[in-house]
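Structure, as structure tokens:
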Amino acid sequence: MAAKSQKITGALITKGIQFSGFSSILFVLLIMFFLFYQGIPALFDVPLGDLFSQRWYPIESLYGIVPLILGSLIVTLGASLIAVPFGVITAIYIAEIAPRWLAEIMKPLVELLAGLPSVVLGFLGILIVSPFLRDVLNLPTGLTAFTGSLLLGGIAIPTIVSISEDALKNVPVSYRQGSYALGVTQWQTIWSVTVPAARRGILTAIMLGLGRTIGETMTVMMVTGNAPVMPASFMALFMPIRTMTATIASEMGEVAGGSPHYHVLFFIGLILFLFTLAVNIVVSRISTQQLKRSERILS
Amino acid sequence: MTKIPASGNASPVLKQLIFQQIGFSVVTALAILTVLPIIAVLVYIIYLGAPAISWEFLTAMPQNGMRSGGIWPAIVGTFYLTLGTAIFSVPLGVASAIYLSEYAPENRLTRLIRLAIINLAGVPSVVYGLFGLGLFVIFLNFGTSILSASLTLSIMTLPVIISTTEEALRAVPQSFRVVSVSLGATKWQTIRRIVLPQSTAGILTGVVLGLERAAGETAPILFTGAAFFLPRLPNSPLDATMALPYHLFVISTQVPGMPIQIQYGTVLVLVAFVVLMNIIATILRSRARARRSW
Amino acid sequence: MTDKIIVENFSLTYSDGTESLFDVDIHIPGNKITALIGPAGGGKSTFLRIFNRLNDLADVREVRGNVLIDDVDILDPELDVIALRRKIGIVFSRPLPLPLTIYQNVSYGLEIAGERNKNKLNAGVEHALQMAELWEEVKGRLFDSAYSLSGGQQQRLCLARTLALEPEIILLDEPTSALDPVATAKIESSLSELKNQYTIIIAPHNTQQAGRIADYVAFFLQGRMIEFSSVENIFTRPVDERTQDYISGKFG
Ligand SMILES: Nc1ncnc2c1ncn2[C@@H]1O[C@H](COP(=O)(O)OP(=O)(O)OP(=O)(O)O)[C@@H](O)[C@H]1O
Ligand SMILES: [Mg+2]
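If you read the sequences in order, they're chains L, F and Z.
Residue numbers for the first sequence, in numbering that gives the first Met the number 0: 0 to 298.
Residue numbers for the second sequence, in numbering that gives the first Met the number 0: 0 to 293.
Residue numbers for the third sequence, in numbering that gives the first Met the number 0: 0 to 251.
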């Protein structure tokens with residue numbers, strides 16, 4: 000009797016666990032479904048030519064999303080110029096060069112940065128970074144794409160540091176020893192042996208870091224000036240812009256459900272989603288780690 | 000006859016060493032330049048925010064269009080949202096990790112699940128907001144509410160909980176499972192009596208980190224449950240709520256004439272919460288390592 | 000003498016294609032110690048794990064043939080494997096206590112089987128520890144971690160843990176390979192005591208150990224069972240030349 004009820008509980012739990020295991024797929028499909036379901040009508044509400052035009056001005060039913068896409072790209076590009084070198088170098092420092100105690104201080108700090116809510120960074124951006132940049136660079140406003148890039152760099156850095164550091168740590172010690180044995184200095188070994196051996200992991204780190212950047216919302220919304228204008232030249236980096244994410248966040252609250260504006264915002268969400276989906280598929284291709292348990296059954 | 004290296008040969012080596020010294024210095028400088036601002040920001044926030052903190056600030060309702068009074072409803076709201084997120088995401092995330100670590104065969108479907116998890120981790124937070132709006136607020140008709148927002152945050156938090164939990168479960172040696180099964184235990188008994196107890200600290204680390212992120216998020220709750228201002232506390236899961244991160248956004252960008260003190264005080268509370276969660280996670284992690292007798 | 004276990008035409012292939020056992024035929028007598036000897040990789044461990052179906056956990060691609068214990072086909076997919084595993088205990092080559100207290104290690108199997116009665120648990124634990132000749136050493140510290148024991152004590156704890164379930168068959172896979180000679184002698188003496196009540200199958204640490212404790216010996220070579228006979232026969236007049244070579248130390 001007890002054994003039987005135990006068996007049934009066991010079977011139920013197993014089913015529950017299996018279902019939970021599959022739930023992630025379900026959620027991805029649901030997200031996709033709702034984005035398509037609410038986003039695709041935009042293609043019928045707004046002529047394709049208008050949708051991909053250069054002017055975003057919803058009050059006059061102008062839904063050109065090109066400036067928003069470019070806005071996102073500019074900020075992400077700017078952020079990568081900051082986050083990639085600083086992130087990778089910091090990872091190399093922590094994994095290869097830093098004395099242990101210092102590495103043990105730096106790692107939690109980087110983790111803390113990862114945990115800082117993006118509104119906090121946005122807040123600091125408004126109060127510190129943007130006035131500083133305005134004065135130093137002598138700009139009409141400190142709320143620019145560049146300000147956004149700087150802060151987004153900070154958001155991408157923890158991801159880049161921690162994944163790169165893992166990759167570097169996973170390079171077998173024997174590689175390095177082999178190199179030292181040949182009389183090569185530690186410095187040369189880092190660049191000619193360790194970093195190349197960890198390149199897949201570092202690449203993964205960079206891609207995931209930038210994936211986070213393009214999806215970042217609150218910080219960019221707060222510090223990039225919210226101006227949906229076409230970036231004209233390189234100087235656009237120092238002018239206000241508007242990203243895709245910020246557009247959704249600042250306008251979704253005010254639109255009428257089912258209106259063309261509403262559908263276009265979902266459509267933008269769909270573009271963002273597909274973009275990150277592509278990034279993540281590429282990432283999982285380059286970094287297919289073997290999770291298989293190496294430990295054989297006890298012999 | 001062995002050749003004794005001429006003294007001239009020493010100089011390339013020396014050159015290399017000098018080169019290395021310069022390289023190390025540059026890398027060290029850059030790394031410190033990366034980390035130093037984090038410390039600076041913390042010090043700065045504490046320095047400017049501390050004077051604003053008082054019992055009243057923490058426990059009073061906002062007054063005068065939020066320009067005076069406290070942030071109590073935002074604190075309570077964030078607590079509710081975090082709790083709601085935990086209720087949904089912890090059981091689901093842990094069960095999902097158990098599936099991946101203990102049950103999943105090596106096949107296409109499992110690879111698809113992993114891809115789905117990686118993808119969930121990468122979905123932009125504002126897109127979660129859109130999804131929550133479409134599914135929970137409108138389709139399931141939960142409205143702009145704590146429930147909708149918590150569910151949205153839960154799905155966003157899942158990948159963090161799943162991946163850290165799976166890692167913790169996999170760290171438990173396979174031999175324990177074999178021994179347990181050889182003594183007549185079922186798979187579930189083995190998991191419950193051996194695997195889970197051995198990985199609790201690791202799992203909790205993941206839960207804390209996941210909830211920390213959820214608590215700090217703004218974009219996913221913008222259209223699913225966050226309220227600009229509420230004169231009273233929410234009294235049901237179907238009410239909208241104020242929340243600390245959204246409140247910070249509101250008072251720093253949407254309300255003109257906001258006293259700077261209140262802004263810094265709010266930031267400090269939010270940052271203190273994050274730091275606290277981080278410390279808890281760090282302690283749990285070192286405990287997880289120390290506990291391992293094996 | 001009755002045959003407790005009958006193995007007929009048994010073959011096993013791992014999923015990487017290794018055919019680890021090939022057409023094995025053997026009749027194992029009850030209440031005796033049977034030793035499986037042979038060079039490394041011969042399939043002894045794989046063979047042991049058939050009986051409690053522990054190979055189910057490994058990457059096995061295919062099994063063929065029949066395995067009968069007390070005339071019951073244990074390869075039957077419908078078989079209650081849990082009950083089988085309670086009936087057949089196993090001790091591994093490394094001491095592998097569970098990450099629990101000494102007491103809990105021994106009571107684990109009983110509790111899993113649904114025993115809730117405290118007195119019965121206590122009695123079972125004490126009895127098992129006594130049979131493994133460990134009781135005197137640990138009775139004052141039953142609630143310490145099992146890892147506080149020495150390697151030899153840990154291995155006897157593992158033996159006690161299987162004995163607590165009052166099994167019929169005990170499988171031992173090189174149980175003394177991680178132990179020093181004194182600890183080894185203790186295990187061996189326990190086993191000789193136990194054989195009156197249990198059917199014991201052991202992959203010994205070396206051929207000498209087989210000579211010391213076994214009643215029957217099976218010689219395995221590259222997945223084939225070459226020869227099975229009484230310990231005297233195997234050591235003094237082996238039939239097969241390969242057995243002869245192995246015993247006399249020509250290889251392995
Ligand atoms: N889990 C497994 N997956 C694949 N092949 C395995 C597995 N376990 C064992 N083998 C292979 O099966 C063959 C027999 O292995 P087994 O461990 O049974 O031999 P053994 O006689 O116990 O050896 P030893 O004396 O080293 O313990 C070997 O070739 C081994 O590599
Ligand atoms: Mg073996």
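We treat Cβ as the ideally placed atom computed from N, Cα and C, and that holds for glycine.
Quick one: give me the first and last residue of the beta strand (DSSP E) that residue i is part of.
i	result
R223(Z)	223-229
T198(Z)	198-202
F9(Z)	2-13
L255(Z)	Residue numbering for chain Z in the displayed model covers 0 to 251; residue 255(Z) lies beyond these limits and cannot be assessed.
S252(Z)	Outside the shown range of chain Z (0 to 251) lies residue 252(Z), about which nothing can therefore be said.
V87(L)	No beta strand (DSSP E) holds V87(L); the alpha helix (DSSP H) holding it covers 65-91.
E61(Z)	59-68
F219(Z)	215-220
A34(Z)	32-36
Which two residues bound the contiguous alpha helix (DSSP H) that contains residue i?
i	result
Y245(Z)	240-246
R113(F)	107-121
R212(F)	195-215
L120(Z)	117-130
E207(Z)	Checking the sequence shown, residue 207(Z) turns out to be Gln, not Glu. Residues 206-212.
W100(L)	99-114
Y174(L)	172-180
D44(L)	40-44
G42(Z)	Element bounds for G42(Z): n/a, residue is neither H nor E.
K168(L)	144-168
On the premise that residue j lies in contact with residue i, defined as a C-beta separation below 8 Å, what is that separation, rounded to the nearest angstrom?
i	j	result
L146(F)	I97(F)	Between I97(F) and L146(F) the Cβ distance is about 26 Å, and since that is not below 8 Å, they are no contact.
Y102(F)	I73(L)	With 8 Å as the limit, Y102(F) and I73(L) do not qualify as a contact, their Cβ atoms being about 46 Å apart.
L29(F)	I88(L)	5 Å
I169(Z)	G88(Z)	5 Å
G147(L)	T223(L)	4 Å
F265(L)	Q37(L)	4 Å
I160(F)	G92(F)	3 Å
I27(Z)	D2(Z)	7 Å
Listing by chain order, which chain F residues have their CB less than 9 Å from the CB of residue i?
i	result
T158(L)	Residues of chain F passing the Cβ test: none, with the nearest at roughly 10 Å.
E160(Z)	In the sequence under discussion, the amino acid at residue 160(Z) is Arg, which differs from the Glu named in the question. The contacting residues are V178, L182.
L34(L)	V126, L129, F130, G133
Pull up the DSSP beta-bridge partners for residue i, would you.
i	result
Q62(F)	S67(F)
S144(Z)	T100(Z)
V90(Z)	L171(Z)
I240(L)	G224(L)
L61(L)	Y56(L)
A225(F)	T240(F)
Can you pull the chain L residues whose beta carbon is under 8 Å from the beta carbon of residue i, in chain order?
i	result
N277(F)	P107, E110, L111, G114
Output, in chain order, the set of chain Z residues within a Cβ distance shorter than 9 Å of residue i.
i	result
Q20(F)	Chain Z residues near Q20(F): none, gap ~47 Å exceeds 9 Å.
I190(F)	By Cβ distance, chain Z contributes nothing, its closest Cβ being about 12 Å from I190(F), past 9 Å.
For a contact defined as C-beta to C-beta under 8 Å, what are the partners of residue i on chain F?
i	result
F26(L)	A115, L119, I154, L157
L56(Z)	R176, V177, V180
G214(L)	G121, V122, P123, S124, V125, V126
By the criterion of Cβ-Cβ separation under 7 Å, what are the contact partners of residue i in chain F?
i	result
G141(L)	Chain F residues near G141(L): none, gap ~14 Å exceeds 7 Å.
F272(L)	V122, V126
I111(Z)	L182, G183, A184, Q188
List the residues of chain L whose Cβ lies closer than 9 Å to the Cβ of residue i, in chain order.
i	result
L29(F)	P84, F85, I88, T89, Y92
G215(F)	G114, L115, P116, S117, V118, V119
I38(F)	L108
Using a C-beta to C-beta distance shorter than 7 Å, which residues of chain Z count as neighbours of residue i?
i	result
T185(F)	I81
Give me the chain L residues within the contact set of residue i, using Cβ-Cβ distance strictly less than 7 Å, ordered along the chain.
i	result
A94(F)	G15, I16, S19
F222(F)	M251, G252
P251(F)	A small correction: the amino acid at residue 251(F) is Ser; Pro does not occupy that position in the sequence shown. Those are F122, I125, listed as they occur along chain L.
Taking 7 Å as the CB-CB limit, is residue i close to chain C?
i	result
S144(F)	The displayed structure is made up of protein chains L, F and Z, and chain C is not among them.
Exercise for the section: Could you tell me whether the region 115-129 of chain L touches the region 45-64 of chain L, using the rule of 3 or more Cβ pairs below 8 Å? Expected result: no
Exercise for the section: Would you check if there are 3 or more beta carbon pairs closer than 8 Å linking the region 151-165 of chain L to the region 76-96 of chain L? Expected result: yes
Handout entry: Three or more C-beta pairs below 8 Å linking the region 112-122 of chain F and the region 199-214 of chain F
Key = no
Exercise for the section: Kindly confirm or deny that the region 201-219 of chain L and the region 113-120 of chain L touch, where touching means at least three C-beta pairs closer than 8 Å. Expected result: yes
Handout entry: Given 8 Å, three or more beta-carbon pairs between the region 109-122 of chain Z and the region 176-194 of chain F
Key = yes
Practice task
Count the C-beta pairs between the region 60-78 of chain L and the region 229-244 of chain L that are closer than 8 Å, then say yes if the count reaches three, no if not.
Solution key: yes
Practice task
Would you be able to state if there are at least three C-beta pairs under 8 Å between the region 43-52 of chain F and the region 255-265 of chain F?
Solution key: yes
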